[in-house]
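Chains as they are written, first to last, in this note's numbering: chain A, 1 to 309; chain B, 310 to 689.
Here a beta-carbon is modelled for each residue, glycine too, at the ideal position from N, C-alpha and C.
The structure presented is a predicted model; accordingly, all values stated were derived computationally and were not measured.
Presented below is the structure to which this report refers.
Laid out in C-alpha cells, this is it:
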C-alpha cells in the first residue's frame, strides 16, 4: 500500500545524526567533518544508502548549521565521483561560486555545458553573506587545461541527477535551518516579557509564527517526496526536486523573516546566535537554483511556456 | 516510503473513472444552493448511491464499498476531474457521520446512516447562533428535560445552517445544564425539521443563492433516541466532527488539482499568452496544490497507521482555504473584463472567500497552530 512515512531505520539514522551533531556547535570544521565520517554520511551513496535514507540526516546538518560541504560531498560527488574519498566542493550553476574552498580537497565546477574536476582549488576569496560559509570564485581560466580543458566524462543523465541531488540536499538543509530558527524564536517569545506578559501571547506575534510554521510544514513533504522520486529516478524527479527547492527556499526565507521580526532588536545582532541560521538560509536560498529559476523550469515542464528543459 | 499505487488502487481508479465518465451530467446542474437545484442534485446523489459511489469509505452494510483512505482520495480526485456536481449531502457525510460512527449506538447507526447515504434524509448543521460564532461554546440555545414524554424540549435560534431551508434534519449542540461552565453542559441533538415548533427561514449567501438558513426552535420535542453521545458530553461529540471538517475529509487535494487544471486551460487559451506575473502565480498555485497533495499523503499514511489527526488539521484548513482564494483570484485576473459577468469562476471566487471563514475562521486556526503546535501562551 502507498505509504509516505519514513522507515524505522531511516528515522533511527536521523536520530543518531541529531545525537552526534548536537555536541558539535562551535567546533572546528575538521572535527565536525571527522564526526560526519564516523557517521558514514560523506560516503553514504557508495555504501548502499540512497537519497531517501539520508535526506533526514542532511536536514539535521542544516538544523545544526554545520560549516562543512556535506551536501557537495555526499550527494553531488556521490554521483559524479563515486568512491572518491575526498572532501568536495561543488558548484554547477555556472557562477563558479565555490563554498568552503578552504576545506575542499577537490572541486566539481560546472555550467550548462558540463562539469570539470579541479584538484586543490585555490580561488580568490570573496566576502560571504554567511561568514561560516566562506566563498571563492573559480574563474574559467582556473579550470584545468587550455580553455578550461576537457569536461568530466559523465553521461547527461548522471549529470542531471547530480544537479538534482545538490538542489535536493540543499532543500533538506533549508528545512533544518528553518526548523531550528523557528524553535529558537518560539523559545524567545515565550520568555521575553513586555507589558507584563510574554510577547508570544500577542496574536500579532502568534499569527506570524503560525504562518511561518505553516509554510515550513507544507514545504516538508515536497522535499521528502522529492527524495523518493530522486532515489527511484522517476521521470518526474526533475519537477519534484524543483518544487522542493523552490518551496523549501521560500519557506525558510519566510521563517527567517518572521524569526528576525519576532526577536525584535535581539535578532539584529551577531551577539545572539540567530544570525547564523538567518545568513545560512539566505546563502542557500541563492545556491542550487533560486525559487525563480526553479519556477521558470516548472512553468516549462507544465507546458505553460514554450521553453524546454 | 512507497509512493506507487497498488494494482487494486489502479483498478479502483479505472472503475470510478469509467462510471463517472458514463454518468456525470453533460450539462452542469443548477446551483445546489437553490431549491430547484437542490432537488436536481438529490437525484444525482441517489444515482451515486445506487451505484455504490456516494460514501465509498463506509461499510457495505450502510451503502459504502469499504474503500481505503487512499481509495477515497482517488475517488475524490476522479470525481472533481470529471467535473461532477457539488455534493449537497456533504455536511451529513463529512460532519455528522463521523460523530455517528464514533458515538452513535448500533440502533442509531442502523437508523441514520443508510438513509443519509441514500440522500433520503438530508442534514444541515446547527452550530452557530447569532451570539455564538467563533466562540461556539458560548451558545445559549437550550434543551429542557421532558421526562413524561421521554425526551427533551429544544428552544433557541441556530444560524448559517448550510442549505437548511431544503434539508429534512439538523444536528447541533444545545445547552442541557445551564449551571455548567461553557464546554460542559452541552448535548448533541438530532432534530427532525418537520417537528412542531420548528420554523426555518432561508436567506441568501454573498452570491445571492438561498444557501443559508436560520432555524428557530420553540419547545421542539426531541426523543431520547435522537441524543447522540452522552448528555452534557456533546462538545466532545461535536469535536469529532470538527476535526473532520478542518482536516482532509472536507477538502481533498483532487478538488484543487481539478481547479488548477481548469485554470491552466483558461491561461493557455488566453490570446497573447501569459504575462510574467500571471505565469508566476499559476506556477505558485501549482506548487500549493502539490504541497497540499503531499501533505495529505502524509496525513493519510499516519491515519492508515492508526494515528489520529489533531491540531495539524488546522494547517490543512489554513492551506486549502488560502489556496482556493488564490486560484480564483488568478482566474478573475485571466478573465480580464469578462470577470464582470456572473459565471462559474466569479461564483467560485465568491464561494472561495467563505473558506477562510467557515469551519473555524483562519484567525482561530492560527491561534490553534500557535498554541497547540508551537506551544505559545494562550491569549484568550
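Where does residue 28 of chain A fall in DSSP's three states?
Locating residue 28 of chain A in the first chain gives position 28, where the first residue counts as 1. Reduced to three states, the DSSP call for residue 28 of chain A is coil.
Is residue 307 of chain A close to chain B? Criterion is C-beta to C-beta, closer than 7 Å.
One-based indexing of the first chain puts residue 307 of chain A at position 307. Here the model assigns residue 307 of chain A a pLDDT of 45, short of 50, so the residue's position is not dependable and the matter cannot be decided.
In chain B, which residues lie less than 7 Å from residue 200 of chain A when you measure between Cβ atoms?
Taking the first chain and counting its residues from 1, the one referred to as residue 200 of chain A is at position 200. The contacting residues are 685 and 686.
Is residue 649 of chain B buried or exposed, if buried means 16 or more other CB atoms sit within 10 Å of its CB?
Here residue 649 of chain B refers to the residue found at position 340 of the second chain. The residue in question, residue 649 of chain B, is exposed, as its Cβ has fewer than 16 Cβ neighbours within 10 Å.
Of all the options B/655, B/484 and B/580, which has the alpha carbon lying nearest to the alpha carbon of residue 539 of chain B?
Residue numbering aside, residue 539 of chain B sits at position 230 when the second chain is read from its first letter. Comparing Cα positions, the closest option is B/484.
In terms of DSSP beta bridges, what is residue 433 of chain B paired with?
Within the second chain, residue 433 of chain B is the residue found at index 124, counting from 1. The partner list for residue 433 of chain B (beta bridge, DSSP) reads B/479.
Using 7 Å as the threshold, is the C-beta distance between residue 434 of chain B and residue 470 of chain B below it?
Here residue 434 of chain B refers to the residue found at position 125 when the second chain is read from its first residue. Here residue 470 of chain B refers to the residue found at position 161 when the second chain is read from its first residue. Cβ distance < 7 Å, so residue 434 of chain B and residue 470 of chain B count as in contact.
Using only alpha-carbon positions, find the residue among A/292, A/153, A/293 and A/4 that is nearest to residue 110 of chain A.
Within the first chain, numbered from 1, the residue matching residue 110 of chain A stands at position 110. Among A/292, A/153, A/293 and A/4, the Cα nearest to that of residue 110 of chain A belongs to A/153.
At a CB distance below 9 Å, what residues from the segment 638-650 of chain B approach chain A? Give them in sequence order.
none
With 16 as the cutoff for other CB atoms within 10 Å, does residue 9 of chain A come out buried or exposed?
Start at 1 with the first residue of the first chain, and residue 9 of chain A comes out as number 9. It counts as exposed.
Which residue from A/236, A/137 and A/286 puts its Cα closest to that of residue 101 of chain A?
Translated into the one-based positions of the first chain, residue 101 of chain A becomes position 101. Among A/236, A/137 and A/286, the Cα nearest to that of residue 101 of chain A is on A/137.
Using a Cβ-Cβ cut-off of 7 Å (strictly less than) and excluding sequence neighbours within five positions of residue 527 of chain B, which residues of its own chain qualify?
In the second chain, residue 527 of chain B corresponds to position 218, counting from 1. Hits under 7 Å: 464 and 506.
With a cut-off of 8 Å on the beta carbons, I'd call residue 174 of chain A and residue 236 of chain A a contact; round off their distance for me.
In the first chain, residue 174 of chain A corresponds to position 174, counting from 1. In the first chain, residue 236 of chain A corresponds to position 236, counting from 1. The Cβ separation is near 21 Å, so there is no contact.
For residue 335 of chain B, which of B/393, B/324, B/350 and B/389 has the nearest alpha-carbon?
Counted from its first residue, the second chain places residue 335 of chain B at position 26. Nearest C-alpha to residue 335 of chain B: B/393.
Can we say the segment 273-292 of chain A touches the segment 313-326 of chain B, given the rule of at least three CB pairs closer than 8 Å?
no
Quick check on residue 677 of chain B: buried or exposed, where buried means 16 or more other Cβ atoms within 10 Å of its Cβ?
As a working mapping, residue 677 of chain B is identified with position 368 in the second chain. By the neighbour-count rule (16 or more Cβ atoms within 10 Å), residue 677 of chain B is buried.
Could you give the residue range of the alpha helix (DSSP H) that holds residue 467 of chain B?
Along the second chain, read from residue 1 onward, the residue named residue 467 of chain B stands at position 158. Residue 467 of chain B -> not in any alpha helix (DSSP H); beta strand (DSSP E) instead, spanning 460-467.
Give the secondary structure of residue 16 of chain A by DSSP, where H, G and I count as helix, E and B as strand, and everything else as coil.
Sequence index remark: in the first chain, residue 16 of chain A carries index 16 (1-based). Annotated three-state conformation of residue 16 of chain A is helix, per DSSP.
How far does the beta strand (DSSP E) with residue 99 of chain A in it reach, from first residue to last?
Working through the first chain from its first residue, we reach residue 99 of chain A at position 99. Residue 99 of chain A -> beta strand (DSSP E) spans 97-99.
Relative to the ligand ZN, is the shortest distance from any of its heavy atoms to the C-beta of residue 253 of chain A smaller than 6 Å?
With respect to the ligand ZN, the structure offers nothing, as it holds no ligand at all.
Output the residue ranges of the beta strand (DSSP E) runs that lie fully inside the segment 395-432 of chain B and measure 3 residues or longer, sorted by chain position.
none
Run the CB neighbour count on residue 307 of chain A, radius 10 Å, all protein chains shown included, and call it buried at 16 or more, exposed below.
In the first chain, the residue the question calls residue 307 of chain A occupies position 307. Low confidence applies to residue 307 of chain A: its pLDDT is 45, below 50, so where it sits in the model is not reliable, and the reading given next is rough at best. Exposed: under 16 other Cβ atoms inside 10 Å.
Straight-line Cα distance separating residue 112 of chain A from residue 142 of chain A
Against the first chain, residue 142 of chain A aligns to sequence position 142. Against the first chain, residue 112 of chain A aligns to sequence position 112. The alpha-carbon atoms of residue 142 of chain A and residue 112 of chain A are separated by roughly 18 Å.
Could you tell me whether any Cβ in chain A is nearer than 7 Å to the Cβ of residue 610 of chain B?
The count along the second chain starts at 1 and reaches residue 610 of chain B at position 301. By this cut-off, residue 610 of chain B is an interface position.
Which chain A residues are close to residue 385 of chain B, counting only those with a beta carbon under 7 Å from its beta carbon?
Here residue 385 of chain B refers to the residue found at position 76 of the second chain. Per Cβ cutoff of 7 Å: no residues; residue 385 of chain B is ~15 Å from chain A at best.
Looking only at C-alpha atoms, which of B/324, B/326, B/672 and B/468 sits nearest to residue 204 of chain A?
Residue mapping note: residue 204 of chain A aligns to position 204 of the first chain, counting from 1. Selected option, being the one with the closest Cα: B/672.
Going along chain A in order, which residues have a C-beta closer than 7 Å to the C-beta of residue 310 of chain B?
Taking the first residue of the second chain as 1, we reach residue 310 of chain B at position 1. Think of a sphere of 7 Å around the beta carbon of residue 310 of chain B: the chain A residues whose beta carbon falls inside it are 3, 4, 5, 6, 52 and 228, in chain order.
Interface residues of chain A facing residue 297 of chain B [CB-CB closer than 8 Å]:
Summary: the structure shown does not reach residue 297 of chain B, with chain B confined to residues 310 through 689, and so no result is reported for it.
Run through DSSP, which three-state label would residue 308 of chain A get?
Locating residue 308 of chain A in the first chain gives position 308, counting from the first residue. Caution is warranted here: a pLDDT of 39 is assigned to residue 308 of chain A, below 50, making its placement in the model unreliable, and no coordinate value can be reported.
With a threshold of 7 Å between beta-carbons, can residue 352 of chain B be considered close to chain A, or not?
To locate residue 352 of chain B, count along the second chain from 1; it is residue 43. False, the Cβ-Cβ gap to chain A never drops below 7 Å.
Does DSSP classify residue 194 of chain A as helix, strand or coil?
Taking the first residue of the first chain as 1, we reach residue 194 of chain A at position 194. In the structure shown, residue 194 of chain A sits in a strand (DSSP, three-state: E or B).
Kindly indicate if chain B contains any beta-carbon less than 7 Å away from that of residue 247 of chain A.
Translated into positions along the first chain, residue 247 of chain A becomes position 247. Yes, residue 247 of chain A counts as interfacial toward chain B.
Residue interval of the alpha helix (DSSP H) (run including residue 633 of chain B):
Looking up residue 633 of chain B in the second chain gives position 324. 622-644 is the span of the alpha helix (DSSP H), which, as asked, contains residue 633 of chain B.
In chain B, which residues lie less than 7 Å from residue 243 of chain A when you measure between Cβ atoms?
Taking the first residue of the first chain as position 1, residue 243 of chain A is located at position 243. Chain B residues near residue 243 of chain A: 596 and 599.
Residue 388 of chain B bridges to which residues according to DSSP?
To locate residue 388 of chain B, count along the second chain from 1; it is residue 79. Its beta-bridge partners do not exist; DSSP assigns none.
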